[in-house]
Every structure is written in structure tokens, then in C-alpha cells.
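Asks: The numbering of the sequence shown is numbering that gives the first Met the number 0, which starts it at 0 and goes up by one.
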Amino acid sequence: MYNLKYKIWIDKGGKVFGLGPYQLLLRVKEKGSLSEAAKSMNMSYNKAHTLIKDIETRLGFSLIKSKTGGAGGGFSTLTEEAEDLLLVYEKFYKECEEALNDIFHKYFNINEV
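1) Tell me the start and end of each unbroken beta strand (DSSP E) in the region 40-73 that is at least 3 residues and wholly inside, in chain order.
2) Would you call the CB atoms of phenylalanine 107 and tyrosine 5 closer than 9 angstroms?
3) Looking at the structure shown, is serine 34 part of a helix, part of a strand, or coil, going by DSSP?
4) By Cβ distance below 6 angstroms, which residues in the same chain neighbour isoleucine 9 in space, the five residues on each side in sequence not counted?
5) Which residue's Cα is closest to the Cα of leucine 18: Phe103, Tyr92, Asp53, Glu97?
Dropping the structure here:
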């Protein structure tokens, strides 16, 4: 049996946003920390920070608001624009996934099990 494999991302002179950054932002939202989000994905903080900064530059808006440590420790939250991006990307990705699976099944006549 064949399996369909694909990657979907938004491009603007280079990769701007895809599933990896989407998952990273979801984890920042969940964990309240870019460091913890990166750790949960087996990614270094430096790589995650650089990735977020590169994406912000390409998109033209901030994704994360952070407060550095102190007595209570630091935290990170998503900006309103990042929250909107997550919602739109999730809908976009699901619709692409459904369309690609329909096309795949049409041409390869694969029956669902």
C-alpha cells in the first residue's frame, strides 16, 4: 500500500512558516516558555530563538512577547498576530491535507481500511 507524504509551508523568498514553527508556537503557548517549548521538541533554545526571529523578520511582525527571569522567573506569550497565524495556518493545513488525500485516493484508488 502507498502512503502520501508531503510538506506544506508558506514561502516568501525562503521558508517563512510551516508545521515545525507552528508546533513550536503551540508549545510556547502551552508551556509559557520558548526554552521549554524548544526542549520539548529536542531543539536547542538558540535554534528556536533564531528560528522565531527569522520568521518575525520575514512576516514583519512579532510572534512572542517575553519577560526575562527575575524572582518569579521569565515567561513567553504569543502576540495577537501569532495567535491569528496559528488559527489560520491550522485551518489552511487541514484543508490542504483533506484535498491532497482526496486527490491521492482518486488517482491511486486506495480504499480506506
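The C-beta atom is built at its ideal place from N, Cα and C for all residues, glycine as well. Fair warning: this is a prediction, and the values are worked out from it, not measured in the lab.
Replies: Here's the rundown:
1) 63-66
2) no
3) helix
4) Val15, Phe16
5) Tyr92
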